[in-house]
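K.L.:
Listed in order, the protein sequences are those of chains S and F.
Numbered by the numbering used here, the letters in the first sequence go through residues 2 to 208 in order.
Numbered by the numbering used here, the letters in the second sequence go through residues 2 to 208 in order.
2 protein chains.
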Amino acid sequence: MRYRRIPDETVRRLPIYLRGLLFPLEQGQESISSQDLADFVGVNPWQIRKDFSYFGDFGTPGVGYNVEKLVKQIKKILKLDVAHKAALVGVGNLGVAVLAYPGFKIYGFDIAAAFDINHSKIGKKIGNIVVEDVSNLPTLKKRKISLAIMAVPRDAAQHTADALVKVGVKGILNFSPCYITVPKKVKVMTIDIAMDLARLPYYMPAH
Amino acid sequence: MRYRRIPDETVRRLPIYLRGLLFPLEQGQESISSQDLADFVGVNPWQIRKDFSYFGDFGTPGVGYNVEKLVKQIKKILKLDVAHKAALVGVGNLGVAVLAYPGFKIYGFDIAAAFDINHSKIGKKIGNIVVEDVSNLPTLKKRKISLAIMAVPRDAAQHTADALVKVGVKGILNFSPCYITVPKKVKVMTIDIAMDLARLPYYMPAH
DNA sequence: CTATGTGAATTTATTCACAGCA
DNA sequence: TGCTGTGAATAAATTCACATAG
Chain S
2 MRYRRIPDET
12 VRRLPIYLRG
22 LLFPLEQGQE
32 SISSQDLADF
42 VGVNPWQIRK
52 DFSYFGDFGT
62 PGVGYNVEKL
72 VKQIKKILKL
82 DVAHKAALVG
92 VGNLGVAVLA
102 YPGFKIYGFD
112 IAAAFDINHS
122 KIGKKIGNIV
132 VEDVSNLPTL
142 KKRKISLAIM
152 AVPRDAAQHT
162 ADALVKVGVK
172 GILNFSPCYI
182 TVPKKVKVMT
192 IDIAMDLARL
202 PYYMPAH
Chain F
2 MRYRRIPDET
12 VRRLPIYLRG
22 LLFPLEQGQE
32 SISSQDLADF
42 VGVNPWQIRK
52 DFSYFGDFGT
62 PGVGYNVEKL
72 VKQIKKILKL
82 DVAHKAALVG
92 VGNLGVAVLA
102 YPGFKIYGFD
112 IAAAFDINHS
122 KIGKKIGNIV
132 VEDVSNLPTL
142 KKRKISLAIM
152 AVPRDAAQHT
162 ADALVKVGVK
172 GILNFSPCYI
182 TVPKKVKVMT
192 IDIAMDLARL
202 PYYMPAH
């Protein structure tokens, strides 16, 4: 193996592999071949081998990859080997769904706080989280929360992001359907659930 | 202009442009330059010009692109110039959020039906949609609905997809965090909201 | 004999730089 | 002069093909 920068596209696939490896891991399966993993996650075997080649020799020719080592290494690269606390801003329909979503745990995320501007929601308990007033955002610094999930209306997105940046948040998962501007030191990932739907008709065969 | 296949990456950006153009369109703005659009949507101006060059001459040198024509053309390419009815399967937290989400409309989508397997939900009205039993899925064919949004638990994803394919669905937006197998004639787009969060720590600077 | 790891070849996408039009 | 449109140059990602290790 030789050191190389990990391509962004490989980084994008790493969580897919991680997700796919969890079942074999739980089953106590020791190793998995690129072909078997490929069938499981929907990525070509040679793509998988290339991706893994960027960060180490895990494979045993004739056998496959050690599942446990692989999971550990992928987590390490994605910096998921430590737990992350995240804050949710915006407890509307989507926010509630985010709070209830079980899928964050496997990556080591814990939604530790929720904020809203609406007084009728503040103080309410959802799951085991009490909704706080957005004016409490500055407490995030003390609470060592540097990750935020934004599920606010579009009009509120930019100034909510500004507020988050101000209190030291370094990463934002943005569910608002708009582009937001942040300093370079802050990373934003935007999920616009309608945008992926918007591409479906293009790829659908004529009926 | 010269005909060329539109690259997938360009197709991926088209909904971004569409989203960004809606405001100028509503404002009655006649034209927009690649630079101004760039500032608005977060894509380089030369990337925008290149993207647009794949499907026609809209620009007027010295002025910019005619907003209305551009919107029309992008919609046409994405096959969004006709309205699309979609069915929702799985009315849990995420499903409810999808039903309430206002962002589908701008692309011409209308969620016209909702299904669940849980008897406590069937018959309930959410917004203006009455939740139906999944055993009603076969009615989709008659109702001319060929698009589905799946928000079911992971364990139910594959067989729900199978059922959708069987009743003639041609496109699926899958919110379940897993890979699902469908015939080639069916297009699946998967959104795993946790997966994007999983990449954030990698891109965040060390605190 | 099976499955990895990786250079090389190919394909795809981005960026540049500037000719040419309004 | 301002901004588009696009070939050419560069960069990035995917796919192939096979040497090599267990």
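Every residue gets a Cβ at the ideal spot worked out from N, C-alpha and C, and that includes glycine.
Is S:D111 near S:K86, with beta carbons less than 9 Å apart?
P.N.:
It is a contact, given that the beta carbons lie within the stated cut-off.
K.L.:
How about F:A149 and F:I173: do their beta carbons lie closer than 9 Å?
P.N.:
For F:A149 and F:I173, yes; Cβs fall inside 9 Å.
K.L.:
What does F:A101 reach in chain S if we use C-beta pairs closer than 9 Å?
P.N.:
Going along chain S in sequence order, the residues near F:A101 (Cβ under 9 Å) are G93, N94, L95.
K.L.:
Hey, does S:V42 have any beta-carbon neighbour from chain F nearer than 9 Å?
P.N.:
Closer than 9 Å to some Cβ of chain F, the Cβ of S:V42 qualifies, so yes.
K.L.:
In this structure, how does DSSP classify F:H224 when only helix, strand and coil are distinguished?
P.N.:
Shown here, chain F extends from 2 to 208; a query on residue 224 of chain F therefore has no answer.
K.L.:
Which one of F:F116, F:P62, F:W47, F:S121 has the shortest CA to CA distance from F:S136?
P.N.:
Of the listed residues, the one whose Cα sits closest to F:S136 is F:F116.
K.L.:
Hey, which unbroken runs of the beta strand (DSSP E) at 3 residues or more fall wholly within the segment 48-93 of chain F?
P.N.:
Counting only runs of 3 or more, we get 65-67, 85-90.
K.L.:
On a CA-only basis, which of S:R13, S:I17, S:A114, S:I33 is nearest S:I107? Give me that one, please.
P.N.:
Cα-wise, what sits closest to S:I107 is S:I17.
K.L.:
If the cut is a Cβ gap below 9 Å, which residues of chain F does S:V12 touch?
P.N.:
In chain order: R200, Y203, Y204.
K.L.:
Quick one: what does DSSP say S:E10 is sitting in, helix, strand or coil?
P.N.:
Here S:E10 sits in helix by DSSP.
K.L.:
When you compare the segment 13-30 of chain F with the segment 194-202 of chain S, are there three or more beta-carbon pairs, one atom per stretch, that lie closer than 8 Å?
P.N.:
Verdict: yes, contact present.
K.L.:
Am I right that S:V68 and S:Q30 are in contact with their C-beta atoms under 8 Å? What's the rounded C-beta distance?
P.N.:
That belief holds up - the Cβ atoms of S:V68 and S:Q30 are roughly 6 Å apart, short of 8 Å.
K.L.:
Using a Cβ-Cβ cut-off of less than 9 Å, list which residues of the segment 67-93 of chain S approach chain F; keep chain order.
P.N.:
Cβ contacts with chain F come from I78, L79, K80, L81, V83, H85, A87, G93.
K.L.:
On the DSSP bridge assignment, give the partners of F:I33 in chain order.
P.N.:
DSSP, once it has assigned bridges, lists F:Y66 as partnering F:I33.
K.L.:
Provide the residue span of the alpha helix (DSSP H) that contains F:V166, from first to last.
P.N.:
155-167 is the span of the alpha helix (DSSP H), which, as asked, contains F:V166.
K.L.:
State yes or no: is the beta carbon of F:T182 nearer than 9 Å to at least one beta carbon in chain S?
P.N.:
With 9 Å as the cut-off, F:T182 counts as an interface residue toward chain S.
K.L.:
Quick one: which chain S residues come within Cβ less than 8 Å of F:I192?
P.N.:
Neighbours of F:I192 on chain S, chain order: I192, I194, D197.
K.L.:
Can you check DSSP and say which residues form a bridge with S:F116?
P.N.:
BP columns for S:F116 point to S:V90, S:E133.
K.L.:
May I ask you to report which of helix, strand or coil DSSP gives F:A152?
P.N.:
Note: F:A152 maps to coil in three-state DSSP.
K.L.:
How is F:V170 classed by DSSP in three states: helix, strand or coil?
P.N.:
Three-state DSSP puts F:V170 in coil, outside helix and strand.
K.L.:
When the Cα of F:I78 is compared with those of F:G91, F:K167, F:L19, F:I49, which residue comes out closest?
P.N.:
That would be F:L19, whose Cα lies nearest to the Cα of F:I78.
K.L.:
Looking only at its chain, what residues have a beta carbon closer than 8 Å to the beta carbon of F:I146, apart from the 5 residues adjacent to it on each side?
P.N.:
If we look at F:I146 and ignore the five residues flanking it on each side, its Cβ neighbours are K86, A87, A88, A113, A114, V170.
K.L.:
Per DSSP, what kind of secondary structure is F:D197 in: helix, strand or coil?
P.N.:
Reduced to three states, the DSSP call for F:D197 is helix.
K.L.:
Under 9 Å Cβ-Cβ, which residues of chain F neighbour S:R20?
P.N.:
Simply P178, C179, Y180, D193, A195, M196, A199.
K.L.:
For F:Y204, which of S:A207, S:G93, S:V187, S:V83 has the nearest alpha-carbon?
P.N.:
Of the listed residues, the one whose Cα sits closest to F:Y204 is S:V187.
K.L.:
Would you verify that the beta carbon of S:G172 is, or is not, closer than 9 Å to some beta carbon of chain F?
P.N.:
Yes - at least one Cβ of chain F is within 9 Å of the one on S:G172.
K.L.:
For chain S, find out if any of its Cβ atoms is closer than 9 Å to the Cβ of F:S147; answer yes or no.
P.N.:
Yes, F:S147 lies at the interface with chain S (some Cβ there is under 9 Å from its Cβ).
K.L.:
Among S:V83, S:G128, S:L100, which has the Cα closest to the Cα of F:A207?
P.N.:
Of S:V83, S:G128, S:L100, the residue nearest in Cα terms is S:V83.
K.L.:
Taking Cβ-Cβ distances below 9 Å as the criterion, which residues of the segment 108-125 of chain S are in contact with chain F?
P.N.:
For the segment 108-125 of chain S, which is checked against every Cβ of chain F, the residues closer than 9 Å are Y108, G109, F110.
K.L.:
For chain S, check one thing: does any of its Cβ atoms lie closer than 9 Å to the Cβ of F:I49?
P.N.:
It does not; no Cβ of chain S falls within 9 Å.
K.L.:
Interface residues of chain S around F:A98 at Cβ under 9 Å?
P.N.:
What F:A98 touches in chain S: G93, N94, L95, G96, V97, A98, V99, A152, I194.
K.L.:
Using a Cβ-Cβ cutoff of less than 6 Å, which residues in the same chain neighbour F:P139 once the five nearest sequence positions on both sides are dropped?
P.N.:
Cβ neighbours of F:P139 beyond the five flanking positions: V168.
K.L.:
Which chain F residues are close to S:F105, counting only those with a beta carbon under 9 Å from its beta carbon?
P.N.:
Neighbours of S:F105 on chain F, chain order: I194, A195, L198, A199.
K.L.:
For the beta strand (DSSP E) that contains S:K185, what are its first and last residues?
P.N.:
Looking at the DSSP string, S:K185 is not in any beta strand (DSSP E), and its letter there is neither H nor E.
K.L.:
Taking the alpha carbon of S:G91 as the reference point, which residue from S:V131, S:D52, S:L23 has its own alpha carbon closest?
P.N.:
Out of S:V131, S:D52, S:L23, S:V131 has the C-alpha closest to the C-alpha of S:G91.
K.L.:
Using the Cα positions of F:G96 and S:N94, report the straight-line distance between them to the nearest angstrom.
P.N.:
Looking at the two C-alpha atoms, the distance is approximately 9 Å.
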